[in-house]
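Presented below is the structure to which this report refers.
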Amino acid sequence: MTQLSDLLPLTGIFFLISSTVGSESSVPYPVTCVTRGADLVEDGLVVLCPPDCTQWRVSVFGTGIYAAVSSVCGAAVHRGVLGPSGGPVRVHKLHGRYNYMSSYANGIQSQALSRWTASFSLTKPVSSPLELTSETSTTALPAAAPAKKPLKKPSVKKALTGGNKDCQMDIAVVIDSSNNIGQRRFNLQKNFVTKLAAMLRVGSTGPHVGLVQASDSPRTEFFLNNYTTPKELLFAIKELAYLGGDTNTGKAIMHTAESFFTQENGGRRGHPRVMMVLVDGWPSDDLEQAAMLARESGINVFLVSVAKPAPEELGMVRDKEFMKKAVCKDNGFFTYMIPSWFSTTKHVKPLTQRICSLDGLLCSKTCYNSVNIGFLIDGSSSVGDGNFRLVLDFLAGVARSFDISDVGARIGAVQFTYDQRLEFSLFDYHNKEDSINALRRIPYMSGGTATGAAITYTTQNLFRRTGPGRNFLIIVTDGQSYDDVRSPAMNAQKQGITVYSVGVAWAPLDDLKSMSSEPKDSHTFFTREFTGLGEFIPQVVRGICRDFTDNN
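The following block contains the structure:
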């Protein structure tokens, strides 16, 4: 547990590095082992750390990006940009954030912190203090947009325009950090992932991206909710440090599938889950069990293979079918081959399009997040207002079982007597709470019963903008229709709508079965009392999921 004393400068020494020491200076500014990021006023300042900071009780909070209460020199050793003998390091000031992660590296144990008001990152300075090493690809994005020139690469400038509303995915990127890839190709991989992230355009209304490194053991670099602006995300990717070790891709997939998409780590309900796995050559471990867990968790695993094994190397490959076993579905859509790290740029756009293709993400398409459910509600005089509220309770219970969102399941409602009234469409509400509240607010009409005309109206008006295979209509009625129901119901089913009939009181069983999809017995429900409708909720939900699985 973090103690208050850990958040204060140790030994009572407080250093304020004033702005009179500008970042243009070529002379590093000397600090002590306990100088904190919060003590530095200048952004981009090069400081000189003393030797043997690992011998001090330095406090470090975070991994890669550090809370401003952290020791600068301790964080630099932890990050690997500084050795035990000390030396110069450049400090980049960043905004505060949530979920600083703990880790052990280079003799220093960093601590976790739920949130802090400011952060910093670290890079090695070179002879010109305003430039960063090209070898490690750590060129920072501008800290303040008005004071800097725009970035040269158009793809990165485009990223700064905000979230991509057409790609509302939760995306985990698993990169190869093994000995197989080496430092040079690792830097090329980071450049590729940076371009990919720029084109994805993260944001509150767009995709969220987190990242894991595959090595001997997987290392989470940042979660889905750590960086939700393009500038911070691109900077975090460029700051990644190479690990080395074995290519234990299976361990990394398992680790990501088990922990990455939880709500605590930024996973959003109803948003498709994507895991893009980059492999240089081939993995050292088995992928099958990890990939099975990912599929069962509704995660779409893409495997991007770069520099595939040469014929003479195939004997070293543990499982020649590893790509087919790893992906969400072995249909060609989830595997992507790139011949070399030197030719990745032209593959950024097509790979982004695949990741953002909602219709292609088969593993995320469960009945709970992919169905369109229409409620056709009898508002005739024989129902009465009290019983009408029981019908709405029943339908709300069905709706509550599904992940309703603008990228998930949707519900809409039509009430009918002799006339029909579209209460709300499938696209009017974008979350479960608003949809169910709208359902419960439907006012009772009162009138006659023309169920056939209501089915035709619903088919034409409620489902006109939806695709086949995931459309469901639940009809609730308490009596006999004054018009034909068979032909309208058959037309609805021909258009890909699965029909469930729920009858109450005096509803004729023959009419109910005439409206229902095949097999009739599993799509038809009847109760004498309106109070009995609640018993049908789990049966209807299970039926919808069964039908969805069969149709898809």
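Quick note: the sequence shown, position 143, residue 188 per the numbering used here, numbers continuous.
Positions of the beta carbon are idealized from the N, C-alpha and C atoms, including for glycine.
So residue i and residue j are in contact, right, with Cβ under 8 Å, and what is the actual spacing, rounded?
i    : j    : result
A335 : G295 : 4 Å
A281 : G125 : Going by Cβ atoms, the distance from A281 to G125 rounds to 16 Å, so no, they are not a contact pair.
S148 : F106 : Not really, about 11 Å apart at Cβ, beyond 8 Å.
T301 : N225 : Wrong, their Cβ atoms sit about 19 Å apart, outside the cutoff.
V136 : L85  : 6 Å
V92  : V76  : 5 Å
V544 : V521 : About 12 Å separates the two Cβ atoms, so there is no contact after all.
T381 : L396 : According to the sequence shown, residue 381 is Tyr rather than Thr. About 6 Å; that satisfies the 8 Å criterion.
V428 : D523 : 5 Å
Ordered along the chain, which non-local residues of its own chain (more than five positions away) have a Cβ less than 8 Å from that of residue i?
i    : result
V393 : S200, F237, K240, L241, M244
N310 : N144, G255, F268, L269, N270, S304
G82  : Y111, A112, A113, V114, S115, V117, A120, V136, K138, A163, S164, F165
G588 : Y545, S567, H568
F306 : D215, A217, L269, G312, R318, S342, I344
Beta-carbon within less than 6 Å of residue i's beta-carbon, same chain only, minus the 5 sequence neighbours each way: which residues are those?
i    : result
S446 : V586
K558 : K565, T569
L448 : Position check: residue 448 holds Asp in this sequence, whereas Leu was assumed. Excluding residues within five positions, the ones whose Cβ falls inside 6 Å are R314, G315, Y413, N414, A454.
T206 : Residue placement at T206 is flagged as unreliable, the pLDDT there being 44, under the threshold of 50; a coordinate-derived value is accordingly withheld.
K198 : Annotation note: pLDDT 41 at K198 (below 50); position unreliable, no value reported.
V257 : V219, P263, T265, A297, T301
Using beta-carbon positions only, say whether residue i and residue j come within less than 9 Å of one another.
i    : j    : result
A495 : T462 : yes
L4   : S223 : Since the first and last residues shown for the chain are 46 and 597, residue 4 lies out of range.
I216 : S166 : no
D528 : A498 : yes
S480 : R455 : yes
F517 : I418 : yes
Q540 : T504 : yes
V219 : M321 : yes
T99  : G152 : yes
G424 : Y489 : yes
I422 : L440 : yes
F581 : T594 : no
A297 : P275 : no
S426 : S491 : yes
W327 : K353 : yes
N597 : R515 : yes
M560 : I487 : no
P32  : P73  : Only positions 46 to 597 of the chain appear in the structure, and residue 32 is not among them; the question remains open.
E277 : R142 : yes
G579 : G493 : no
Using alpha carbons as the reference points, say which of the options lies closest to residue i.
i    : options                : result
S413 : R314, G119, L396       : According to the sequence as given, residue 413 is Tyr; it is not Ser. Of R314, G119, L396, the residue nearest in Cα terms is R314.
S470 : I481, S166, A458       : A458
D592 : F570, P553, V547, I542 : I542
V346 : N376, D595, I449, G442 : N376
T390 : H568, L233, Y489       : L233
N506 : D529, I216, L407, L467 : L467
D556 : F570, N476, Q525       : Q525
H140 : A113, M368, G588, I153 : A113
D438 : K169, V72, G132, G577  : G577
Q584 : T594, F570, G208       : F570
Y272 : Q308, M337, G248       : G248
Y502 : G579, D464, F433       : D464
F420 : S567, K370, R485, T307 : R485
K374 : K565, G405, S567, G442 : G405
G290 : V72, D330, N476, V428  : D330
R102 : D88, C78, F472, E366   : C78
P384 : M299, A371, S350       : S350
L554 : F472, V530, G442       : V530
D451 : V257, M535, V372, K210 : K210
Give every residue of the same chain whose Cβ lies closer than 7 Å to the Cβ of residue i, excluding the five residues on either side of it in the sequence, and list them in chain order.
i    : result
D97  : P129
C212 : L245, G251, P252, C401
C590 : C412
S221 : Residue identity differs from the one stated: residue 221 is Asp in this sequence, not Ser. So the list reads Q234, A259, T292, L323, V324, D325, once near-sequence residues are dropped.
G343 : R318, C408, S409, T411
M42  : Nothing in the structure corresponds to residue 42, since the chain is present only between 46 and 597.
R230 : D325, W386
F378 : R399, G405
D430 : Y489
Less than 8 Å separating the Cβ of residue i from some heavy atom of the ligand SAM?
i    : result
Q584 : The ligand SAM is absent from the structure shown, which contains no ligands of any kind.
Does the CB of residue i have a neighbour CB from chain B at under 9 Å?
i    : result
M299 : This model lacks chain B altogether, as it is built from one protein chain only.
If we require 4 or more residues per run, which alpha helix (DSSP H) segments fall completely within the region 311 to 355? Fully enclosed alpha helix (DSSP H) runs of 4 or longer: 333 to 341.
Counting only runs that start and end within the region 426 to 484, where is the beta strand (DSSP E) found for 3 or more residues in a row? Entirely contained in the region 426 to 484, the beta strand (DSSP E) runs reaching 3 residues are, in chain order, 455 to 461, 465 to 469.
For a minimum of 3 consecutive residues, which ranges assigned as the beta strand (DSSP E) are wholly contained in the region 137 to 170? If we require 3 residues or more, the beta strand (DSSP E) runs fully inside the region 137 to 170 come out as 158 to 168.
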